[in-house]
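Chains as they are written, first to last, in my numbering: chain A, 148 to 329; chain B, 148 to 329.
Beta carbons are placed, not taken as given, at the ideal position from N, Cα and C, and that holds for glycine.
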């Protein structure tokens, strides 16, 4: 079998828009947020919700349509045919989660908790909001009371904790593996 | 169902040491290399091979036992009970791949090429070397001639290309999903 590099292969078409939303607690690092935005865009995610003093660094994210720090529910929609990733910035996470519940999303937190389940055995629902915690403090208690499930990525060695962008990318991968066509 | 944060949960024990090796072409960014090192350590990988002027940034990697720029085959082994991630630095990738072939590894490149297959449908062999390319130039022709398989992560949207650390983490996740016990 021979392999020759092919750059800029055509994108995989989704049969329907992705119903996955990523909802991030206020993060310490806009680098991490921007890495999540890049991965989300590549995987065809349409909406990322950030909280707190979130600012996407376009040099890292390289994709997203974004209008800066918009308080409480502001958002931006891409121009043109390709919808792209919409990023909305909210002050705090819990009200976002309440709205997502009302909109019929299954709220799945990525965290280590009592009753958390291995992501290896977890079946996502199509209409899912993946809830991501702060680098140090994770997901706050009020938000944890609002989620339906908590999944964790098994840890096998040092340093015992993945970077938040890496963990989110892995969970995003798993969702897309389960819904390769949207 | 109630969820309360649990930090520092016990690690998942592997039934046998992971046989996955990650072999990186010379990368532009030691940040990317260090992110790969952190993810690999968390997932229980025992060996990472870096090429070129590779230097792991411990603040990012936070795990690895490493003795700096060691030419051609240098490596470092962890102290104590927990083996940790060993990092070896070589000048170029192709000789590394030849050695891995001799040692019975299945060489799986992460790249977009002719005859590349979706990672969603790919069954890894336990004894695998995951071959990772440079951020811009990918995997060189000589190295591509040495690999057994090429897998790609489907791309659905802008910016059409994952960061190398993100892509490697996703592939690492997929391998571990297939071999959750080593």
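Quick one: Cα of residue i to Cα of residue j, how far?
i: residue 264 of chain B; j: residue 267 of chain A; result: 22 Å
i: residue 102 of chain B; j: residue 182 of chain B; result: Beyond the ends of chain B as shown, which are 148 and 329, falls residue 102 of chain B; an answer cannot be given.
i: residue 272 of chain A; j: residue 190 of chain B; result: 26 Å
i: residue 330 of chain A; j: residue 275 of chain A; result: Examination of residue 330 of chain A is not possible in this model, given that chain A is present from 148 through 329 alone.
i: residue 235 of chain B; j: residue 323 of chain B; result: 22 Å
i: residue 252 of chain B; j: residue 298 of chain B; result: 16 Å
i: residue 218 of chain A; j: residue 163 of chain A; result: Its pLDDT being 39, under 50, residue 218 of chain A is placed unreliably by the model, and the measurement read from it follows with that caveat. So the two alpha carbons sit approximately 30 Å from each other.
i: residue 153 of chain B; j: residue 285 of chain A; result: 10 Å
i: residue 241 of chain A; j: residue 257 of chain A; result: 15 Å
i: residue 281 of chain B; j: residue 195 of chain B; result: 15 Å
i: residue 227 of chain B; j: residue 207 of chain A; result: At residue 227 of chain B the pLDDT is 47, less than 50, meaning the model places this residue with poor confidence; the figure from the coordinates comes in the next sentence. Each residue's Cα considered, the two are about 38 Å apart.
i: residue 171 of chain B; j: residue 312 of chain B; result: 11 Å
i: residue 156 of chain A; j: residue 178 of chain A; result: 27 Å
i: residue 261 of chain A; j: residue 303 of chain A; result: 19 Å
i: residue 315 of chain A; j: residue 295 of chain A; result: 18 Å
i: residue 301 of chain A; j: residue 160 of chain B; result: 10 Å
i: residue 270 of chain A; j: residue 326 of chain A; result: 10 Å
i: residue 292 of chain B; j: residue 176 of chain A; result: 40 Å
i: residue 288 of chain A; j: residue 148 of chain B; result: 13 Å
i: residue 277 of chain A; j: residue 185 of chain B; result: 23 Å
i: residue 254 of chain B; j: residue 188 of chain A; result: 29 Å
i: residue 250 of chain A; j: residue 180 of chain B; result: 40 Å
i: residue 317 of chain A; j: residue 309 of chain A; result: 10 Å
i: residue 247 of chain B; j: residue 169 of chain B; result: 11 Å
i: residue 209 of chain A; j: residue 199 of chain B; result: 27 Å
i: residue 201 of chain A; j: residue 173 of chain A; result: 7 Å
i: residue 306 of chain B; j: residue 279 of chain B; result: 19 Å
i: residue 193 of chain A; j: residue 167 of chain A; result: 8 Å
i: residue 239 of chain A; j: residue 290 of chain A; result: 10 Å
i: residue 150 of chain B; j: residue 243 of chain B; result: 46 Å
i: residue 203 of chain A; j: residue 197 of chain B; result: 30 Å
i: residue 328 of chain A; j: residue 165 of chain A; result: 8 Å
i: residue 237 of chain B; j: residue 245 of chain B; result: 13 Å
i: residue 220 of chain A; j: residue 231 of chain B; result: Residue placement at residue 220 of chain A cannot be trusted, given a pLDDT of 41 that sits under 50; the coordinates are not used to answer.
i: residue 259 of chain A; j: residue 158 of chain B; result: 12 Å
i: residue 283 of chain A; j: residue 233 of chain A; result: 26 Å
According to DSSP, what are the bridge partners of residue i?
i: residue 274 of chain B; result: DSSP, once it has assigned bridges, lists no residue as partnering residue 274 of chain B.
i: residue 261 of chain B; result: DSSP output for residue 261 of chain B lists no bridge partner at all.
i: residue 298 of chain A; result: A/257 and A/264
i: residue 281 of chain A; result: A/285
Which residues of chain A have a Cβ atom closer than 8 Å to the Cβ of residue i, listed in chain order?
i: residue 210 of chain B; result: 304, 305 and 306
i: residue 239 of chain B; result: Simply none; closest approach about 18 Å.
Can you pull the chain B residues whose beta carbon is under 7 Å from the beta carbon of residue i, in chain order?
i: residue 231 of chain A; result: 304 and 305
i: residue 271 of chain A; result: Near residue 271 of chain A there are no residues of chain B at all, since even the closest Cβ is about 14 Å away, more than 7 Å.
i: residue 326 of chain A; result: The contacting residues do not exist; residue 326 of chain A stays about 10 Å from chain B at best.
i: residue 310 of chain A; result: 182 and 185
What does residue i reach in chain B if we use C-beta pairs closer than 8 Å?
i: residue 294 of chain A; result: 150
i: residue 278 of chain A; result: In chain order: nothing, as chain B lies at least about 11 Å away.
i: residue 297 of chain A; result: 150
i: residue 155 of chain A; result: 307
For residue i, go through chain B and note every residue whose CB falls closer than 9 Å to its CB, in chain order.
i: residue 274 of chain A; result: By Cβ distance, chain B contributes nothing, its closest Cβ being about 17 Å from residue 274 of chain A, past 9 Å.
Output, in chain order, the set of chain A residues within a Cβ distance shorter than 9 Å of residue i.
i: residue 291 of chain B; result: 149, 150, 151 and 152
Could you work out which residues of chain A lie near residue i, taking near to mean beta carbons separated by less than 7 Å?
i: residue 322 of chain B; result: Going along chain A, no residue has its Cβ under 7 Å from residue 322 of chain B, so there is no contact; the nearest lies around 11 Å.
Sorry if obvious, but does the Cβ on residue i come closer than 7 Å to a heavy atom of the ligand GTP?
i: residue 279 of chain B; result: Inclusion of the ligand GTP in the displayed structure is not the case, the ligand content being empty and no account of it being possible.
What are the complete alpha helix (DSSP H) segments, minimum 4 residues, inside the region 153-213 of chain B?
-> 177-189 and 205-208
Listed in chain order, which residues of the region 159-181 of chain B have Cβ atoms closer than 9 Å to some Cβ of chain A?
-> 159, 160, 161 and 165
Could you name the residues of the region 241-265 of chain A whose beta carbon sits closer than 9 Å to any beta carbon of chain B, in the order they occur along the chain?
-> 256, 258, 259, 260, 261, 262, 263 and 265
Name the residues in the region 180-207 of chain B whose C-beta lies less than 7 Å from a C-beta of chain A; which are they?
-> 182, 185, 186, 188, 189, 190 and 191
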